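**Student:**
Right, dumping it as C-alpha cells:
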C-alpha cells in the first residue's frame, strides 16, 4: 500500500491530484515530548504510529487538552491556514514517539478547492473535532473537579496499559486546565480514600472500581 | 433579489441545483421565546430578521449559550443529520420575533454531495461556529464568574440598545451555565458596588465603565 493511501480521500482523487499528493508527501518522526505544532500552519498530518495530544492555551498560559490523536488519526488544525473561518490556535505535543505523514498546507488547500471528496473529508473531520470539544465543554461545565481528575486517571491507565502511571501532577493539571497544586491536593485526597498510591514519579491506581464511581459523579 | 440568493452558495450552483433550492425553500416565523429547534434535524436556516440564541444542554439540564445568530446569519446544526461526524445536540430559541428561510435537510445533503461550493460553505461556517465555541470554552475555563456576568450584561446592553435590561436572573444563568441563585447573588454584589440598579424585571446599568473593568478581569 502506498503511504499516500493512508489519507482516506486519496482513492477519490483524480490521477493528477494523486500525483500532487505523492510528490509532496513528507515523513517526520518526533520524539516523546516534542512540540509537533505550535500554532504554525504546516499541513494535514496523518499519525502512522504514536499519540499526539492536542490542546489549547488560555491568555493566562493555562493548557487544556482538547483530544488525543492516535494511530490512523488525522490532525486538521495543523492546516488551519488552508481552512477559512478558523479563529483559534491549537497546539500538539507528542506523547510518545510519533511517526507522521504530512500533506503540506498549500497542497491540501489546492485539493480542497478542486475535490469534493477532500472537502467532505474536511467537513467530517471538523465535525468530529467539534464534537470532542463540545464534550470537553460539557465536562468542564458540569463535572466536579474530582470526577474530572478520576476520569482522566482512568483514561491514562487505558492508554498506558498499566495501573502504574508515569505522569506528573503538572501534566495532569495541563490536561484539566488547572494548576499543579489543585491536582496534588486532590490526588492526596484520593490516596487517603484508598483509591491510589502515590510515590515519586508514579501514581498507582489501587482501586479502579472506586475511581470509576468518583468519575461518574456529576 | 430572490430569497434563495440569501444563501451565499446559491450563485455557484448549477441551474438544476438552483431550481432544487427554489422549489423547496420554506419560510417560517417564530415569535419571541419560541423554540426554533430542539435537537431535531430540519435543515439549513437563514435568519432574515431577528435573533436566535443557540445553546447546549448538559446531562443535568443546565443550559449554556454557545453563540447568537442575527440577521443574515445561518444555522448549521439544525441540519446536523446532513453532516457526518456531529455527535452533539444544540438547541435554538428565538430571542426576538424571527423570520427564517429553510432549505430542508435532505435538499442540503444532496447539494453538499454534488457541489463543492456548498461543501466549502459548510466548512467555513462550521469553522466559525467552532471558533465561537472555543471562545466560550476559554471564557469558562479562565474568566472568573464576576467577569463573565459583567461581560454578558454589557453584551445584553449592546443588543438591547438601552441600559435598562429586561432580562431575568434565570435567563442570565442559562447563558452562563449556572443557577439563578449564583446570578442573583452576584448582581446584588454589583449593585452594592454601584454598578447596577436592580428593580422588578429590570437591571439598569448605572456604571458601564466600572462594569467594563470587571469584565476585563482575568
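Residue numbers (the numbering used here), protein chains in the order written: chain A, 836 to 1053; chain B, 836 to 1053. Cβ atoms here follow ideal geometry from the backbone N, Cα and C, with glycine treated the same way. Since we're looking at a predicted model, the values are computed, not measured.
Taking a contact to mean a Cβ-Cβ separation below 8 Å, would you say residue 837 of chain B touches residue 880 of chain B in this structure?
**Tutor:** In this structure, residue 880 of chain B does not lie closer than 8 Å to residue 837 of chain B by Cβ.
**Student:** Name, please, each residue of chain B whose Cβ falls closer than 9 Å to the Cβ of residue 958 of chain A.
**Tutor:** Those within 9 Å of residue 958 of chain A in chain B are 918, 919, 920, 947, 954, 957, 958 and 961.
**Student:** Mapping DSSP to helix, strand and coil, what is residue 1031 of chain A?
**Tutor:** Three-state result, residue 1031 of chain A: strand.
**Student:** Less than 8 Å between the CB atoms is what I'm expecting for residue 927 of chain B and residue 910 of chain B, so what's the real figure, rounded?
**Tutor:** Their Cβ separation, rounded to whole angstroms, is 6 Å, which keeps residue 927 of chain B and residue 910 of chain B in contact under 8 Å.
**Student:** In the region 897-908 of chain B, which residues sit with their C-beta less than 8 Å from some C-beta in chain A, listed in chain order?
**Tutor:** Listed by position along the chain: 897 and 899.
**Student:** Any idea which residues DSSP pairs residue 873 of chain B with across the strands?
**Tutor:** According to DSSP, which records beta bridges pairwise, residue 873 of chain B is partnered with B:926.
**Student:** Could you name the residues of chain B that residue 966 of chain A contacts, counting a contact when the two beta carbons are closer than 9 Å?
**Tutor:** Neighbours of residue 966 of chain A on chain B, chain order: 920, 921, 922 and 923.
**Student:** Which value, in whole angstroms, describes the spacing of the CA atoms of residue 991 of chain B and residue 846 of chain B?
**Tutor:** Each residue's Cα considered, the two are about 35 Å apart.
**Student:** Is residue 877 of chain B close to chain A, meaning its C-beta is less than 8 Å from at least one C-beta of that chain?
**Tutor:** Taking Cβ atoms only, chain A never reaches closer than 8 Å to residue 877 of chain B, which makes this a no.
**Student:** Is the shortest distance between the beta-carbon of residue 1036 of chain B and the beta-carbons of chain A less than 8 Å?
**Tutor:** So no, residue 1036 of chain B is outside the interface.
**Student:** Are the region 986-1000 of chain B and the region 936-953 of chain B touching by the rule of at least three beta carbon pairs closer than 8 Å?
**Tutor:** Touching, no, given that fewer than three Cβ pairs across the two stretches are closer than 8 Å.
**Student:** Step through the CB atoms of chain A and report whether any lies within less than 8 Å of the CB of residue 874 of chain B.
**Tutor:** Cβ-Cβ to chain A under 8 Å: no for residue 874 of chain B.
**Student:** How about residue 928 of chain B: is its C-beta nearer than 8 Å to some C-beta of chain A?
**Tutor:** So no, residue 928 of chain B is outside the interface.
**Student:** Compute the beta-carbon to beta-carbon distance between residue 961 of chain B and residue 965 of chain A, rounded to the nearest angstrom, for a pair I have assumed lies under 8 Å.
**Tutor:** Yes, they are in contact, since the Cβ atoms of residue 961 of chain B and residue 965 of chain A sit about 7 Å apart, within 8 Å.
**Student:** Thinking just about the alpha-carbon of each residue, which of A:933, A:996, A:997 and A:959 is nearest to the one in residue 869 of chain A?
**Tutor:** Of A:933, A:996, A:997 and A:959, the residue nearest in Cα terms is A:933.
**Student:** In terms of DSSP beta bridges, what is residue 878 of chain A paired with?
**Tutor:** Beta-bridge pairing links residue 878 of chain A to A:939.
**Student:** Note down, in chain order, every chain A residue with its Cβ under 8 Å from the Cβ of residue 942 of chain B.
**Tutor:** Here the premise fails: no neighbours, minimum Cβ distance about 17 Å.
**Student:** Among all the DSSP beta bridges, which residues are the ones paired with residue 909 of chain B?
**Tutor:** DSSP lists B:881 as partners of residue 909 of chain B.
**Student:** Taking Cβ-Cβ distances shorter than 8 Å, what residues in chain A pair up with residue 975 of chain B?
**Tutor:** Those within 8 Å of residue 975 of chain B in chain A are 972, 975 and 976.
**Student:** On the CB-based measure, 16 or more other CB atoms within 10 Å of its CB, does residue 973 of chain A come out buried or exposed?
**Tutor:** Residue 973 of chain A should be labelled buried.
**Student:** Compute the Euclidean distance between the alpha carbons of residue 858 of chain B and residue 1014 of chain B, then round it to the nearest angstrom.
**Tutor:** The alpha-carbon atoms of residue 858 of chain B and residue 1014 of chain B are separated by roughly 45 Å.
**Student:** Taking the C-alpha atoms as reference points, what is the distance between residue 914 of chain A and residue 1003 of chain B?
**Tutor:** Those two C-alpha atoms are separated by around 43 Å.
**Student:** Tell me, please, whether the CB atom of residue 938 of chain B is closer than 8 Å to any CB atom in chain A?
**Tutor:** Judged by the 8 Å Cβ criterion, residue 938 of chain B is not in contact with chain A.
**Student:** For residue 907 of chain A, which residues from the same chain have a beta carbon less than 7 Å from its beta carbon, with the 5 sequence-adjacent residues on both sides left out?
**Tutor:** Cβ within range, chain order: 882.
**Student:** Determine the chain A residues that contact residue 1012 of chain B at a beta-carbon separation under 7 Å, and present them in chain order.
**Tutor:** Those are 976, listed as they occur along chain A.
**Student:** Assuming residue 949 of chain A contacts residue 1028 of chain A under a Cβ cut-off of 8 Å, what Cβ separation, rounded to an integer in Å, is found between them?
**Tutor:** The Cβ separation is near 58 Å, so there is no contact.
**Student:** So which residues on chain B does residue 1021 of chain A lean against when the C-beta distance must stay under 9 Å?
**Tutor:** Those do not exist, as residue 1021 of chain A stays about 17 Å from chain B at its closest Cβ, beyond 9 Å.
**Student:** Output the distance between the C-alpha atoms of residue 951 of chain A and residue 1024 of chain B, rounded to the nearest integer angstrom.
**Tutor:** In a straight line, the C-alpha of residue 951 of chain A is about 55 Å away from that of residue 1024 of chain B.
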